[in-house]
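Written below as structure tokens is the structure these notes are about.
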Amino acid sequence: MTTGSTVLVVGGGFAGCAAATFLARQGAQVDVVEIRDDVPRAGSGITVQGNALRVLRELGVWEDAEDHGYAFTTLGMRTPDGHLVAEFEDVRTGGPDLPATLGMERPTLARILADAAREAGASLRFGLTVTSLEQDAAGVQATFSDGATGQYDLVVGADGVNSAVREMIGIETGPKPLGMGIWRVFIPRPESIQRTELAYGGRCFIAGFCPTAEDSMYAYLVEEAEDRSNLTPDRQRQIMEDLAASYGGPWNEIRPLISAAEAINYTWFESHVIDGPWHRGRVVLIGDAAHSCPPTLAQGAAMALEDAQVLGQEIEARGLDKGLAAFVERRRPRVEQTVAASVQLCTWLIEGTQDADVPGLIGRTMGMLKEPA
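Counting from 1 along the sequence shown, just add 1180 to a position and that's the residue number in the numbering used here.
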């Protein structure tokens, strides 16, 4: 972008802060507004794959993330009773000089990315969002929730899977449930847990875990989607403990920690990809606002961070108007293939497909993701 161009980023999460950093480095004046009161200080963990680490390196925050996360390069597979049946090198989608995977605490990664945006010159304002957008030849006028207005050359909608910006610009495509729900719990890490390990079958579709720091990890159980709303914290713990009771091995160390967890999270798997342009005029959607996938390939954060990087590259190379179209053209095939593969894995599990080529699908997808976005 030309120096002095004005950009509004709606959403201060991973995609929004990364986009703000890349665009501010080009000389743009970038405002980020985030409806939450601050960078989140609590939350579960996240599995960050190598292709996302490649973007963190471009942002200049890889060393900080590495210091605060837990890197590993192998993956373990277990039977529900805990027997280790396979152990193999995971695909290094970020290249041979980066780990295959980094487990992190979500709030830590959020803070690192927010700090990077500020250091690049972006302004971050919390407890504020956009209530309307109006476009004309001069650009985009935004009205904020505090009644103020602002004029911008570009608006980036990075406000998540239930994006208000997406609705404001008339895009009706949104997330659809896939029939699975996931329990997540954030707990201390036993010394024996040093990588992600998965068990398929038992009372749940998947039982897995991921270390997120020297002293923390998160564990998750994927079940058939149910209405789990309005449960008390004690009831949430009881349900997760009951489901976890059908798993052995490392789960024998995890299970006692669930009862002491401060919070347990339950969400449904959802998916969508906007059919058609991801922008209207000079308002563009990135990250979960434009596409979402279930975490079966742990690519949600990676796709969002890649979006931010490619958006910055295309605008810098082609200018604003041509850059937006080029961004979508470049991103769509990669995103669609990743989302389709993630959804296919869900479908095979739900339908109990016995001859599913899971290794082949994962191998093809990860091979594609090894190539830079």
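We put the CB at the ideal spot given by N, CA and C, even for glycine. Since we're looking at a predicted model, the values are computed, not measured.
Euclidean distance between Cα positions of residue i and residue j
i, j, result
"Arg-1125", "Thr-1533", "Residue 1125 lies beyond the stretch modelled for the chain, which goes from 1181 to 1553, so this question has no answer here."
"Ala-1300", "Glu-1238", "13 angstroms"
"Trp-1448", "Thr-1183", "43 angstroms"
"Ala-1393", "Ile-1226", "11 angstroms"
"Ile-1434", "Pro-1370", "8 angstroms"
"Met-1181", "Gly-1207", "7 angstroms"
"Arg-1272", "Ala-1302", "32 angstroms"
"Leu-1264", "Leu-1188", "49 angstroms"
"Thr-1353", "Thr-1527", "21 angstroms"
"Val-1402", "Met-1546", "22 angstroms"
"Gly-1338", "Tyr-1446", "Here residue 1338 is Ala; the residue named in the question, Gly, does not match the sequence. Taking the straight line from one Cα to the other gives about 23 angstroms."
"Ala-1505", "Leu-1491", "10 angstroms"
"Phe-1268", "Ala-1245", "24 angstroms"
"Val-1213", "Ser-1325", "10 angstroms"
"Gln-1479", "Ile-1542", "12 angstroms"
"Tyr-1380", "Leu-1525", "12 angstroms"
"Leu-1423", "Val-1519", "28 angstroms"
"Ala-1344", "Pro-1552", "30 angstroms"
"Ala-1318", "Phe-1306", "27 angstroms"
Selection from the options that minimises the alpha carbon distance to residue i
i, options, result
"Ile-1419", "Trp-1363, Gly-1429, Ala-1208 and Gln-1493", "Trp-1363"
"Gly-1283", "Gly-1456, Gly-1249 and Thr-1476", "Gly-1249"
"Gly-1499", "Ala-1198, Leu-1203 and Tyr-1398", "Leu-1203"
"Pro-1355", "Phe-1366, Val-1345, Val-1341 and Glu-1269", "Val-1341"
"Ser-1426", "Arg-1383, Cys-1390, Trp-1458 and Tyr-1398", "Arg-1383"
"Pro-1287", "Asp-1261, Asp-1218 and Tyr-1380", "Asp-1218"
"Gly-1361", "Gln-1331, Ala-1405 and Thr-1329", "Ala-1405"
"Leu-1529", "Ala-1470, Asn-1432 and Leu-1358", "Leu-1358"
"Tyr-1397", "Pro-1430, Leu-1423 and Glu-1496", "Tyr is not the amino acid found at residue 1397; the sequence shown has Met there. Out of Pro-1430, Leu-1423 and Glu-1496, Pro-1430 has the C-alpha closest to the C-alpha of Met-1397."
"Asp-1277", "Thr-1259, Ile-1292 and Ala-1251", "Ala-1251"
"Val-1508", "Met-1483, Glu-1531, Ala-1280 and Phe-1268", "Met-1483"
"Asn-1231", "Leu-1477, Ala-1318, Gly-1503 and Gln-1524", "Leu-1477"
"Gly-1262", "Phe-1385, Ala-1399 and Glu-1377", "Glu-1377"
"Glu-1486", "Pro-1475, Ala-1469, Arg-1511 and Val-1523", "Arg-1511"
"Ile-1292", "Arg-1305, Gly-1192 and Val-1464", "Gly-1192"
"Ala-1536", "Cys-1473, Gln-1374 and Ala-1521", "Ala-1521"
"Glu-1496", "Gly-1196, Arg-1205 and Phe-1194", "Arg-1205"
Bridge partners - residue i, DSSP secondary structure assignment
i, result
"Gln-1315", "Val-1320"
"Met-1284", "Ile-1226"
"Phe-1306", "Glu-1214"
"Thr-1186", "Gln-1209"
"Leu-1541", "According to DSSP, Leu-1541 bridges with nothing at all."
"Phe-1268", "Leu-1255"
Anticipated Cβ contact below 8 angstroms, residue i with residue j, distance rounded
i, j, result
"Ser-1312", "Met-1257", "Not a contact, Cβ separation roughly 50 angstroms."
"Ala-1290", "Thr-1201", "Contact flag wrong, Cβ pair sits at about 13 angstroms."
"Ser-1409", "Glu-1421", "Not a contact, Cβ separation roughly 19 angstroms."
Any non-hydrogen atom of the ligand GDP closer than 6 angstroms to residue i Cβ
i, result
"Leu-1313", "The model depicted lacks the ligand GDP and carries no ligand whatsoever."
Residue-level contact to chain B via CB, residue i, 7 angstroms cutoff
i, result
"Ser-1451", "This model lacks chain B altogether; it includes just one protein chain."
TODO: Note down, one range per segment and in chain order, each beta strand (DSSP E) of at least 3 residues found wholly within the stretch 1418-1482.
DONE: 1444-1453 and 1463-1465
Task: Completely contained beta strand (DSSP E) runs for the stretch 1222-1260, where each covers 3 or more residues - done: Those beta strand (DSSP E) runs which fall completely within the stretch 1222-1260 and span 3+ residues are 1225-1229, 1250-1252 and 1254-1258.
TODO: Counting only runs of 4+ residues fully inside the stretch 1325-1411, write out the alpha helix (DSSP H) ranges in chain order.
DONE: 1344-1348
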